[in-house]
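K.L.:
Protein chains in written order, with full-length UniProt numbering: chain E, 1 to 478; chain C, 1 to 478.
Have a look at this one.
Right under this line is the structure:
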């Protein structure tokens, strides 16, 4: 992965930078020893590594502001980092950058049940936000698979979704306001507890902007009352295409299950070997979950099963107990781990119109054979957000490159059928060069001109989102 | 209402402009006779009028592009106009501007049921979009009160909502993509049938941007299957505060009715005199509607009535027939007309956190008495979107000014409790000067810098959204 040439002079001025940062932060919040800095050399896209110049761990909006002021003043790039769970290299450092970790920003600032929001510092993990309100019967809806570890800051940067986003929407639908520190250290409030905002929708612009526009330190999040109950049904089909058609029919019917998860044969096999969830022998499996009162659950499941039966299912198994529900979900949740047992893999993240599912699944199978890689599909099918897993052997020369080439083909396919490059993982460094497949030069120019407004010096999260040759020329201009 | 000084030279070059526009448009699509141009002197905010230089009615994206190219070239401001139903003066002309009406852009371009979208030209009315798909059992969810007349282009410009947006979201939640003509005539595609977009969220930025960033000529809209059935319940309370508290409790419970409409005593009286809907004698009335299967409806209404009963309702009346449902809604839908019978009125549009409803309704009553105006409240309560109607006598000198001053006080109150200036009508000319109450100078500067990116010459929809002295200085810079 090509990374930008370090900014001239920055490396030599590290001692001055450390001195200035130490003047505004507690001693242990500035990490400059090379062996400690190494901990920040990558995120969950571990194929790419680059140690930053140093790392800082501010504990308040004021400290974040002080750090950004100094870096802005000295022309030092800053890479914001949540929990480092990005699968797209969203917080991969550059050699001349300061990693700004939000791990110490973990306070709940306000809980308001009548207006259904919580205000938190963004270093809190996704799951701990639900933890702060669940004893009162509430929860925070977006639930990425990494929810135990991932930070709200990263959720906002990538506009994260999760299994439940079919019903509740993704982060942008559950974010009411932010406190953001601009590239020059200025602190701004955008949005708030109200549902709309006058003027241009800057909150919508910031959600999903991958740390390009500012560092979000506090967030006002919508919370929802927990449903009375939930129940999954497991449905097996004898081809991916038929399972895909069944998903399209469920969506078309107007039912909104809380989740429709899809697993194909490679995933089912790996999962059964690993977690023994008791899945049926079949080519493709759907887990469809609905929630509500007992009566609502029964009513919705009956309609969903009615639709499935028109597609000649191999098996339909409605969960009969909390135990069985947990076992059904256990398989899905361990799917990534199970594939990890079988070898190295790349996890893709593309989005397509739901009606294209059968067609795209078929093409992915063909492309996998062409490139000679096993591809497993396990994903949120209800909203067309696919996560093909491409298996490869990292110890065999050329395998990573060919897996990446296959990944690029699959993502281009997503774009070509009217979809796009990313559903919830973001562009990061992983897909920056594919942006030219989705966007014309004028489109990219418009996006970069908006970045110019927020970060005129292009210091925030360098080398991400935009193709390197394009963003590099921008930095030179700035 | 102060309007900008006409751009030097534009008025004198009208003949040249007409000649150039006639070269790219059919003869009857360029309207320059003063008596015909006068038809475009105002929108639904009729207190303000200003005839434009001329009006054009292009019938395709190409014709819109040709018009914008010419105007950009000659430095002529352009005011895009949907159906002219804006209550905020969103399409009020300036004397030096070309009104660009989208009334001839009325084609359905594509209908796709498996992926649940429709692609239309944006001059189509809101209701005709539903009309295009309802025989197949689908509908387009956002339903502004003006849906019979208002155009999709205006819905996108103002991010319109409606009674049903509590459940289905507003325009931004139902818009998948746009074809937009930039200020210089370039045609761009943003978004599409997929659910997410890589890079910066320009689609979210454009929705609600009030014609400041470009002219949207085509839109891909989400369509939904019609629910099996729907049923309202009418609930009367003996004070606004108690009705407001009941709304907050329903929202807090996690139920999502399709609509919660609120009417206070002045509205109930005016409506009864006008439409004879059979509303009970009480201080505040809620219409709560739920939808789904018969069983779901019964289940949800039982829970809602249970919550209402804890607030000592004067009356609870569940609709027993389609006829009764129609009568219940007839009152609500004729509320604006009924108030119009009683005198002139200003219709406000502010948004507040739902928990603030009781407090804000009380303060509105007090402010109304202070200023000596009757204020009626009829609004979408479930999402905190208020529409206070301020009565005044247009024939009595000073009454409009004092009604406007009261309106400004009420909107400031909305902002002060954590809400904002507009829910769905937009800022337009009406609220541009209040923007400084909601936003700090740096916030406005950021929004205007984003406009600079899309419309560097500040030719699109001048004198709206931003305070005039601020946007005027911008135009002079440009």
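Virtual Cβ for every residue (Gly too), placed ideally from N, Cα, C.
Predicted model only: the values in this text are computed from it and were never measured.
1. Taking the alpha helix (DSSP H) that residue 251 of chain C falls in, what are its first and last residues?
2. Strictly below 9 Å CB to CB, what residues from chain C border residue 439 of chain E?
3. Roughly how far, in whole angstroms, is the beta-carbon of residue 56 of chain C from the beta-carbon of residue 29 of chain C, given that I think they are within contact range, below 8 Å?
4. Using a Cβ-Cβ cutoff of less than 7 Å, which residues in the same chain neighbour residue 182 of chain E once the five nearest sequence positions on both sides are dropped?
5. Any beta carbon from chain E within less than 8 Å of residue 92 of chain C's own beta carbon?
6. If we ignore side chains and look at the alpha-carbon of each, how far apart do residue 478 of chain E and residue 460 of chain E end up?
7. On the three-pair Cβ rule with 8 Å, is the segment 241 to 260 of chain E touching the segment 305 to 320 of chain E?
8. Classify residue 401 of chain E as helix, strand or coil using the three-state DSSP reduction.
9. Do the segment 136 to 155 of chain E and the segment 385 to 404 of chain C meet, that is, are 3 or more Cβ pairs less than 8 Å apart?
10. For residue 95 of chain C, which of C/432, C/257, C/108 and C/76 has the nearest alpha-carbon?
11. Output yes or no for whether 8 Å exceeds the beta carbon distance between residue 484 of chain C and residue 400 of chain C.
12. Using a beta-carbon distance cut-off of less than 7 Å, what residues from the segment 399 to 424 of chain E approach chain C?
13. What residues in its chain sit with their C-beta under 7 Å from that of residue 117 of chain C, if we drop five residues either side in the sequence?
14. Does any C-beta atom of chain E lie closer than 8 Å to the C-beta of residue 354 of chain C?
15. Please classify residue 345 of chain E: does DSSP put it in a helix, a strand, or coil?
16. Apply the 10 Å Cβ neighbour rule to residue 471 of chain C and answer buried if 16 or more other Cβ atoms are within range, or exposed otherwise.
17. In chain order, what residues of the segment 311 to 328 of chain C put their CB closer than 9 Å to some CB of chain E?
18. Hey, would you say residue 376 of chain E sits closer than 8 Å to residue 274 of chain E, going by beta carbons?
19. How long is the line joining the alpha carbons of residue 2 of chain E and residue 9 of chain E, rounded to whole angstroms?
20. Going by alpha carbons, who is nearest to residue 372 of chain C out of C/353, C/404 and C/355?
21. Check the C-beta distance from residue 447 of chain C over to residue 203 of chain E and give it rounded, since I have them as a contact under 8 Å.
22. Compare the C-alpha of residue 423 of chain C against each of C/163, C/32 and C/69 and name the closest.
23. From this set, C/71, C/250 and C/258, which residue's C-alpha is nearest residue 113 of chain E's C-alpha?
24. Starting from residue 361 of chain E, follow the alpha helix (DSSP H) in both directions and report where the run begins and ends.
25. I'd like the ranges of any alpha helix (DSSP H) spanning at least 4 consecutive residues and lying wholly in the segment 160 to 237 of chain E.
26. Return the first residue and the last residue of the alpha helix (DSSP H) that residue 306 of chain E is part of.
27. Going by alpha carbons, who is nearest to residue 52 of chain C out of C/58, C/73 and C/80?
28. Output yes if chain C places a C-beta closer than 8 Å to the C-beta of residue 50 of chain E; else output no.
29. Would you grab the beta carbon distance between residue 429 of chain E and residue 17 of chain E for me? Rounded to a whole angstrom, and I think it's under 8 Å.
30. Residue 258 of chain C touches chain E at which residues, Cβ-Cβ below 9 Å?
31. Pull up the distance between the alpha-carbon of residue 31 of chain E and that of residue 388 of chain E, whole angstroms please.
32. At which residue ranges does the segment 54 to 130 of chain C contain complete beta strand (DSSP E) runs of 3 or more residues, listed in the order of the chain?
33. With DSSP run on the structure shown, which of helix, strand or coil describes residue 45 of chain E?
34. Find the residues of chain C that neighbour residue 435 of chain E, judging by a C-beta separation of less than 8 Å, and give them in chain order.
35. Please state the DSSP three-state secondary structure of residue 256 of chain C.
36. With a threshold of 6 Å on Cβ separation, who are the neighbours of residue 283 of chain C within its own chain once the five nearest residues in sequence on each side are excluded?
P.N.:
Taking the coordinates as given:
1. Where residue 251 of chain C is concerned, the enclosing alpha helix (DSSP H) stretches over 240 to 253.
2. Chain-order list of chain C residues neighbouring residue 439 of chain E: 198 and 199, by C-beta distance under 9 Å.
3. Yes, they are in contact, since the Cβ atoms of residue 56 of chain C and residue 29 of chain C sit about 6 Å apart, within 8 Å.
4. In the same chain as residue 182 of chain E, and ignoring 5 residues on each side of it, the C-beta atoms closer than 7 Å to its own belong to 188, 214 and 454, in chain order.
5. No Cβ of chain E is located within less than 8 Å of the beta carbon of residue 92 of chain C.
6. Interpretation of residue 478 of chain E is limited by its pLDDT of 45, a score under 50 that renders its predicted location unreliable; the figure taken from the coordinates is listed afterwards. Cα to Cα, residue 478 of chain E sits roughly 13 Å from residue 460 of chain E.
7. Output reads yes: the segment 305 to 320 of chain E touches the segment 241 to 260 of chain E.
8. In the three-state DSSP reduction, residue 401 of chain E falls in the helix class (H, G or I).
9. The segment 385 to 404 of chain C and the segment 136 to 155 of chain E do not touch, with fewer than three beta-carbon pairs separated by less than 8 Å.
10. Looking at the Cα atoms, C/76 is the closest of the given residues.
11. Coverage of chain C is limited to positions 1 through 478, which leaves residue 484 of chain C absent and any answer about it impossible.
12. If the cut-off is 7 Å between Cβ atoms, the segment 399 to 424 of chain E has 418, 419, 420, 421, 422 and 423 near chain C.
13. Cβ within range, chain order: 176, 193, 220, 221, 222 and 223.
14. By this cut-off, residue 354 of chain C is an interface position.
15. Per DSSP, reduced to three states, the secondary structure at residue 345 of chain E is strand.
16. Residue environment analysis places residue 471 of chain C among the buried positions, since at least 16 neighbouring C-beta atoms fall within 10 angstroms of its C-beta.
17. Flagged: no residues at all.
18. Not closer than 8 Å, so no.
19. Distance between the alpha carbons of residue 2 of chain E and residue 9 of chain E is about 20 Å.
20. Among C/353, C/404 and C/355, the Cα nearest to that of residue 372 of chain C belongs to C/404.
21. Actually they do not touch by this definition, with Cβ atoms about 12 Å apart.
22. Ranking the options by Cα distance to residue 423 of chain C, first place goes to C/163.
23. Answer by Cα proximity: C/250.
24. Here the alpha helix (DSSP H) through residue 361 of chain E covers 357 to 371.
25. Here the runs fully enclosed are 165 to 168 and 202 to 206.
26. Unbroken alpha helix (DSSP H) run through residue 306 of chain E: 294 to 309.
27. Of C/58, C/73 and C/80, the residue nearest in Cα terms is C/80.
28. No, no contact with chain C.
29. With 8 Å as the limit, residue 429 of chain E and residue 17 of chain E do not qualify as a contact, their Cβ atoms being about 24 Å apart.
30. Correct list: empty, because the minimum Cβ distance to chain E is about 13 Å.
31. If I take the Cα positions, the gap works out to 37 Å.
32. Counting whole runs of 3 or more residues, the segment 54 to 130 of chain C contains the beta strand (DSSP E) stretches 54 to 56, 78 to 81, 98 to 101, 108 to 112 and 117 to 121.
33. Here residue 45 of chain E sits in coil by DSSP.
34. Those are 198 and 199, listed as they occur along chain C.
35. DSSP places residue 256 of chain C in coil when its eight states are reduced to three.
36. Cβ neighbours of residue 283 of chain C beyond the five flanking positions: 238, 239 and 265.
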